[in-house]
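Chemist: Residue numbers (our numbering): 2 to 147.
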Amino acid sequence: MATIKFVNGNNRHFVSLQEQAKTDPRVAAALENFPPGERNGATFTHHAGTSDSPQLFEVKFPANNKVEAHAHFSDEIIVVTEGEIHFGKQVYGVGSSVFIPKMTLYSFQAGPEGLTFLNFRPTTGKGVVFKDEFMAMRREANSASA
């Protein structure tokens, strides 16, 4: 029988990546490769997810924080709950959402009041790929198909 899992939003506690790295060796190892803007975030995990169940976490970034170009190995949906998210000249406020297909390179910036968003992914996975690695993977795929 399946179990319904609830998370009470009143008990949310955002944890910075630096704090997470102190107790999670995977986060510590990943943090070494994160661009500076990515390191400024704090998260609250609503549902950790598994290889076959969905993941939902909440992210906070300070005002005007820029997150460098990166991609993920799974599709994701971002829903803005506080502040604004800027994709180039496009600005999206509270209630806005964006669907980002897997292995799509993108970057964004928090608005002048900061940014909080929910991030939904269909499963947990390998995680993030930053621009240099993404471009290397693309070159490798192109040379293999040539």
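All C-beta atoms in this analysis are idealised placements derived from N, C-alpha and C, irrespective of residue type, glycine included.
1) Which residue or residues does DSSP assign as beta-bridge partners of Arg122?
2) DSSP three-state label for Ala3, please.
3) Taking only the alpha-carbon atoms, compute the straight-line gap between Asn143 and Val129 and give it to the nearest angstrom.
4) Only counting runs of 3 or more residues, tell me where the beta strand (DSSP E) segments fall wholly within the segment 7-46, in order along the chain.
5) Can you tell me whether DSSP reads Phe74 as helix, strand or coil?
Modeler: Checking against the coordinates, here is how it stands:
1) As a working mapping, residue 122 is identified with position 121 in the sequence shown. According to DSSP, which records beta bridges pairwise, Arg122 is partnered with Gln56.
2) As a working mapping, residue 3 is identified with position 2 in the sequence shown. Residue state, collapsed to three classes: coil.
3) Taking the sequence shown and counting its residues from 1, the one referred to as residue 143 is at position 142. Taking the sequence shown and counting its residues from 1, the one referred to as residue 129 is at position 128. Cα-Cα distance, rounded: 21 Å.
4) none
5) Translated into the one-based positions of the sequence shown, residue 74 becomes position 73. It is coil, neither helix nor strand.
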